[in-house]
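A.B. asks: First the structure, which I've put down as structure tokens, then a few questions once you've had a look.
Dropping the structure here:
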């Protein structure tokens with residue numbers, strides 16, 4: 081099993097676990113999510129750094145396994161729209177505080193830089209490679 085297959089297995093296991101947990105015990109899932117969100121609120125930088133590290137490691141593995149930035153960006157598009165479609169299941173009030181005034185720009189800047197990097201690399205692959 082190569083690194084790319086390992087990444088796929090990890091996301092499959094996590095997804096099956098989450099979906100099963102949601103369907104089998106809604107109360108336990110709600111309790112878990114509440115404690116998770118409480119923990120994120122107490123230590124946002126810790127979670128941010130963990131998630132960005134995992135994202136960058138995943139990007140490194142994808143590129144080193146032969147995926148182009150165009151392929152990575154196309155895959156990200158698919159999952160971004162799936163996540164957005166999932167958000168539509170939440171009640172309206174959940175998103176009322178999602179405004180630019182409430183954003184932590186220090187944490188968001190790293191995220192934006194990585195997005196710009198991926199987009200620039202994909203653009204270069206499209207227009208400047210044979």
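In my numbering, the protein residues as written are 81 to 210. Every residue gets a Cβ at the ideal spot worked out from N, C-alpha and C, and that includes glycine. These numbers were taken from a predicted model, which means no experiment stands behind them.
1. Return the residue from the list 173, 125, 101, 139 that minimises the CA-CA distance to residue 188.
2. If you follow the alpha helix (DSSP H) that residue 112 is part of, which residue opens it and which one closes it?
3. CB-CB under 7 Å to residue 168, same chain, minus the five flanking residues each way: which ones, in chain order?
4. Going by DSSP, what residue range makes up the alpha helix (DSSP H) through residue 191?
5. Is the number of C-beta pairs between the region 100 to 120 and the region 172 to 180 that are closer than 8 Å three or more?
6. Measuring only the C-alpha atoms, how far is residue 202 from residue 140?
7. Applying the criterion that 16 or more other CB atoms from any shown protein chain within 10 Å of the CB defines a buried residue, is residue 197 buried or exposed?
8. Under 8 Å by Cβ, that's how I've got residue 84 and residue 145 pegged, so tell me the actual separation to the nearest angstrom.
9. Measuring only the C-alpha atoms, how far is residue 153 from residue 100?
10. Could you give the first and the last residue of the continuous alpha helix (DSSP H) run that contains residue 28?
11. Just mark residue 191 as buried or exposed, buried being the case when its beta carbon has 16 or more other beta carbons within 10 Å.
12. Just verifying my parser: in three-state terms, what is the DSSP assignment at residue 132?
C.D. replies: The structure says:
1. In the chain shown, counting from the first residue as 1, residue 188 sits at position 108. Among 173, 125, 101, 139, the Cα nearest to that of residue 188 belongs to 125.
2. Position 32 of the chain shown, counting from 1, holds the residue named residue 112. Start and end: 106 to 122.
3. Walking along the chain shown from the start, residue 168 turns up at place 88. Excluding sequence neighbours, residue 168 sits near nothing in its chain.
4. Here residue 191 refers to the residue found at position 111 of the chain shown. Segment 185 to 208, the alpha helix (DSSP H) holding residue 191.
5. no
6. Taking the first residue of the chain shown as position 1, residue 202 is located at position 122. Taking the first residue of the chain shown as position 1, residue 140 is located at position 60. For residue 202 and residue 140, the distance between alpha carbons rounds to 15 Å.
7. Within the chain shown, residue 197 is the residue found at index 117, counting from 1. Under this definition residue 197 is an exposed residue.
8. Counted from its first residue, the chain shown places residue 84 at position 4. Counted from its first residue, the chain shown places residue 145 at position 65. Contact holds; Cβ gap of about 4 Å.
9. One-based indexing of the chain shown puts residue 153 at position 73. One-based indexing of the chain shown puts residue 100 at position 20. Straight-line Cα distance between these residues: approximately 29 Å.
10. It is not possible to answer for residue 28, since the shown part of the chain is limited to 81 through 210.
11. By one-based count along the chain shown, residue 191 stands at place 111. Exposed.
12. Against the chain shown, residue 132 aligns to sequence position 52. Taken through DSSP and simplified to helix, strand or coil, residue 132 comes out as helix.
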